[in-house]
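> A single structure is presented below for examination.
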Amino acid sequence: AQSVTQPDIHITVSEGASLELRCNYSYGATPYLFWYVQSPGQGLQLLLKYFSGDTLVQGIKGFEAEFKRSQSSFNLRKPSVHWSDAAEYFCAVGGKAAGNKLTFGGGTRVLVKP
Amino acid sequence: GAVVSQHPSWVICKSGTSVKIECRSLDFQATTMFWYRQFPKQSLMLMATSNEGSKATYEQGVEKDKFLINHASLTLSTLTVTSAHPEDSSFYICSASVAAAYNEQFFGPGTRLTVL
Numbered sequence: 001a002q003s004v005t006q007p008d009i010h011i012t013v014s015e016g017a018s019l020e021l022r023c024n025y026s027y028g029a030t031p032y033l034f035w036y037v038q039s040p041g042q043g044l045q046l047l048l049k050y051f052s053g054d055t056l057v058q059g060i061k062g063f064e065a066e067f068k069r070s071q072s073s074f075n076l077r078k079p080s081v082h083w084s085d086a087a088e089y090f091c092a093v094g095g096k097a098a099g100n101k102l103t104f105g106g107g108t109r110v111l112v113k114p
Numbered sequence: 115g116a117v118v119s120q121h122p123s124w125v126i127c128k129s130g131t132s133v134k135i136e137c138r139s140l141d142f143q144a145t146t147m148f149w150y151r152q153f154p155k156q157s158l159m160l161m162a163t164s165n166e167g168s169k170a171t172y173e174q175g176v177e178k179d180k181f182l183i184n185h186a187s188l189t190l191s192t193l194t195v196t197s198a199h200p201e202d203s204s205f206y207i208c209s210a211s212v213a214a215a216y217n218e219q220f221f222g223p224g225t226r227l228t229v230l
């Protein structure tokens with residue numbers, strides 16, 4: 001069965017500092033990987049996705065993620081956070097073997113200090 | 115492009131009543147729609163998958179008689195919470211996908227259900 005682990009429940013970062021959110025997945029075939037962001041009371045917005053090719057993926061809002069197959073990881077990074085980046089971040093995995101279903105990690109809540 | 119809407123955005127109902135939530139793909143035809151449930155400060159849990167014109171497939175532990183899903187057209191799916199109870203209070207989110215954009219789901223803004 002597929003699964004996603006986001007080890008950090010909360011992360012607090014100062015505005016302007018760098019941010020890295022960890023994501024580890026378990027999937028028995030070629031994974032499709034996603035990062036979503038959710039503001040309170042809102043739906044999910046796709047930040048970036050990885051299907052194949054270049055393992056360093058660029059997304060919206062200055063985010064990037066790197067797929068490392070050997071480590072089963074897909075960590076999200078941003079060089080300099082803005083106060084508006086405070087939100088909940090979800091990593092998700094899916095693939096053809098999963099019949100188009102996504103499995104989400106538990107989420108990481110990011111707090112940004114002024 | 116790829117916009118998904120949900121209606122209503124929030125609803126309050128009395129215990130024992132039924133509530134219908136609509137999920138629409140506004141600018142594309144969704145071959146598959148998904149319904150998720152999210153408890154406060156928790157992740158999304160898939161409830162069911164529906165393909166247009168066929169019966170929904172429910173995840174283990176989800177009562178299909180309580181959460182009725184209809185996917186009557188390529189742009190509309192509905193979730194009806196029947197005989198709602200306070201424990202059904204939650205944030206319900208739908209998503210839609212297109213066969214051409216395999217495995218990418220476009221999410222609606224969610225519906226907050228409160229059962230009194």
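First to last, the protein sequences are chains A and B.
If you're matching positions, the first sequence starts at 1 in my numbering and goes up one per residue.
If you're matching positions, the second sequence starts at 115 in my numbering and goes up one per residue.
Ideal Cβ placement from N, Cα and C applies to all residues, glycine included.
Pick from B:Phe181, B:Thr189, B:Phe221, B:Leu140: whose alpha carbon is nearest that of serine 203 of chain B?
B:Phe181
> Please state whether DSSP places arginine 69 of chain A in a helix, a strand or coil.
helix
> Going along the chain, which unbroken runs of the beta strand (DSSP E) with 3 or more residues stay wholly within the region 127–186 of chain B?
133–139, 146–152, 158–165
> In the DSSP assignment, find the unbroken beta strand (DSSP E) run with glutamate 10 of chain A in it and report its ends.
Note that residue 10 of chain A corresponds to histidine in the displayed sequence, not to glutamate. Note, histidine 10 of chain A: beta strand (DSSP E), 10–14.
> Excluding five sequence neighbours on each side, which residues of the same chain lie with their C-beta closer than 6 Å to the C-beta of serine 80 of chain A?
Gly16
> For arginine 109 of chain A, which of A:Thr5, A:Ala97, A:Tyr89, A:Gly99 has the nearest alpha-carbon?
A:Tyr89
> List, from N- to C-terminal side, the beta strand (DSSP E) runs of 3 residues or more that fit wholly inside the region 21–67 of chain A.
Listed in chain order, the complete beta strand (DSSP E) runs (minimum 3 residues) inside the region 21–67 of chain A are 24–26, 32–38, 44–50, 56–58.
> In terms of DSSP beta bridges, what is valine 157 of chain A paired with?
Since the first and last residues shown for chain A are 1 and 114, residue 157 of chain A lies out of range.
> Valine 229 of chain B and alanine 198 of chain B: beta carbons closer than 9 Å?
yes
> Do you know whose CA, among A:Lys96, A:Thr12, A:Pro31, lies nearest lysine 68 of chain A's CA?
A:Pro31
> Beta-carbon of phenylalanine 181 of chain B versus every beta-carbon of chain A: anything under 9 Å?
no
> Taking 8 Å as the limit between beta carbons, can you name the residues of its chain near glutamine 219 of chain B, skipping five residues before and five after?
Phe148, Ser209, Ala210, Ser211
> Beta strand (DSSP E) containing serine 119 of chain B: first to last residue?
118–121
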